[in-house]
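Q: First, the structure itself, so that you have it in front of you.
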Amino acid sequence: QEYPQDLPSATALGSFFLIMVGMLIATQMVMLHGKSFVTISGRGYSQQPTSLGRWRWVTFSIVVLYFLIAAVLPLTMLVIGSFMKAWGVWSASAFTLNHWQMSLGDPRLLASVTNTVLLGAMVGGIGTLVCALAGYVLVRTQYAGRPILEFITWAPRVAPGVVLAIAFAWAYIGLPAFRPISGTLGMMGILLIVSFLPLGSRVINGSMYQVSHELEEAARTSGAGWFTTVTRVLLPLLAPALLTSFIQIGRAHV
C-alpha cells in the first residue's frame, strides 16, 4: 500500500515465517516418526460401501448444498457477470454482448489459449514428476537429507507471494544463467512449479505412505529390478494420486 515498497523488511518477515514453519515441520516429523499409515499391503484390501440408512438423504442434501455454494453459484455469477455492463447492476438494460464480441474478436485470443494449455501441461507434468521424485526420496529411502527436502517442499506455501516473487525476480535478473528465459513461458512455468510444489507433494506423499514396502520387496525377491518394481508395482498404485497432482498443479495457473 506504500510506495516505494519496503522490500528488505518484507524479505526479512518472510524469512521469519520460514524459520517458524521449519520448527513446525521438525515437530511434525518427531510426532509422526515410527507410525504407520499403510492401507495397501500384500495381504490385499477391499473397499465396500457403507449403508447410511435413513441418513443417506441428509448426507446427500449436505453434499449437494456444498456443491451448489462452492462451485455452481460462483461460476454462475462469473458467467452472468461477463454479460453485465457494470458489475452488480441487475436492471434490464445492464446486460450486453460487447464483452464477448471483443474477446472472441481479439487476435490475441488463440495465442493466449495456446499458451495457457502449454503452460498447464508443462507445469502439471514437470511439477508432478518433481513431486513424485521428492516423495520417493522422503518416503521410500533413508537419505540423511530428508528433513531438508521436507522443508523445501513446504517452504513455497508459507512464503508470502510477494516475497517469493521478489526472490525469483532477483534470481532471474541477477544470475546470468537465468537471463535467457526471463520473460518467457519457461520462467513462468518454473515459478508456478515451485509455488505449487507443496500441493502436489502432499497429494503424492500421502498416497505413497499408504502403500506397504512389502509389495516392492516381493517384486525384488521375484527378481525384478528397481525400475521394473517402480513402473510395474508402485506407479500403478499411485496413478490416481499422480493424476490428481497433475490436474491440481496444472489448473492452478488458470
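Using the working numbering, you'd call the opening residue of the sequence shown number 452 and step up by one each time. In this text, a Cβ means the ideal position worked out from N, Cα and C, and glycines have one as well. All figures in this text were calculated on a predicted structure; none of them were measured in a lab.
So if DSSP puts Met535 in a beta bridge, which residue, or which two residues, is it bridged to?
A: In DSSP, Met535 forms a bridge with Phe546.
Q: Kindly indicate the opening and closing residues of the alpha helix (DSSP H) around Thr462.
A: Note, Thr462: alpha helix (DSSP H), 458-483.
Q: State the DSSP-derived secondary structure class of Val489, mapped to helix, strand or coil.
A: Reduced to three states, the DSSP call for Val489 is coil.
Q: In three-state DSSP terms, what is Val540?
A: Coil.
Q: Note down, in chain order, each residue of its chain lying with its Cβ closer than 7 angstroms to the Cβ of Thr680, except the 5 sequence neighbours on either side.
A: Answer for Thr680: Glu667, Ala670, Arg671, listed in chain order.
Q: Quick check on the burial criterion: 16 or more other C-beta atoms within 10 angstroms. Buried or exposed for Ala641?
A: Note that residue 641 is Ile in the sequence shown, not Ala. By the neighbour-count rule (16 or more Cβ atoms within 10 Å), Ile641 is buried.
Q: Just the Cα atoms here: how many angstroms apart are Ile531 and Ile700?
A: Cα to Cα, Ile531 sits roughly 27 angstroms from Ile700.
Q: Find out if the Cβ-Cβ distance for the pair Val609, Phe468 is shorter than 8 angstroms.
A: Result yes, Cβ atoms of Val609 and Phe468 sit closer than 8 angstroms.
Q: Got a sec, what are the start and stop residues for the alpha helix (DSSP H) Phe678 sits in?
A: Where Phe678 is concerned, the enclosing alpha helix (DSSP H) stretches over 677-680.
Q: Assuming Thr579 and Gly651 make a contact with CB atoms under 8 angstroms, what is their CB distance in whole Å?
A: Yes, they are in contact, since the Cβ atoms of Thr579 and Gly651 sit about 6 angstroms apart, within 8 angstroms.
Q: Label Ile470 either buried or exposed according to how many other C-beta atoms from any shown protein chain fall within 10 Å of its C-beta, with 16 as the threshold for buried.
A: Ile470 should be labelled exposed.
Q: Label Glu665 either buried or exposed according to how many other C-beta atoms from any shown protein chain fall within 10 Å of its C-beta, with 16 as the threshold for buried.
A: Label assigned to Glu665: exposed.
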